[in-house]
Amino acid sequence: MPGWTSSIKRRAGEMLRLPPDAVESVARVTIVGDDLTIEGAKALLEVSSDRISCDLGDRVVEIEGESFVIKLVTEREIHAVGRVRHLSFGGGRR
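Numbering (UniProt numbering), first residue to last: 1 to 94.
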């Protein structure tokens, strides 16, 4: 019953006033200066010096910029550096 468990987690988070990403598996993209972190990524779809594309499950994040270098890839996170110029979220996996 995955739906039931998700519902309980969501309600508990609401009662405790926690953000949804604290209790559910949701993706998060964080950009601080030239540091980029993508949490909850399911797959790295495209990497070049000016483009990074990741499958987040229900959508795809595409990041355009310059001088991208992937620093770390784990099962659920991607860390990169580079200058971000544009970020977009699209539908499911291409």
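All C-beta atoms, glycine included, are put in the ideal place defined by N, C-alpha and C. For clarity, every value in this text was computed on a predicted model and none was experimentally measured.
message: In whole angstroms, give me the CA-to-CA distance for Pro20 and Arg83.
response: 28 Å
task: With a 10 Å radius around its C-beta and 16 neighbouring C-beta atoms as the bar for buried, classify Gly65 as buried or exposed.
output: buried
message: Cutting at 7 Å between CB atoms, please list the residues of its own chain near Arg76, excluding the five before and the five after it.
response: Glu39, Gly40 and Ala41
query: In whole angstroms, what is the alpha-carbon distance linking Leu36 and Val47?
result: 13 Å
- prompt: Is the beta carbon of Ala27 less than 8 Å from the beta carbon of Ile52?
  reply: no
query: Where does Val32 land, buried or exposed, given buried means 16+ other C-beta within 10 angstroms?
result: exposed
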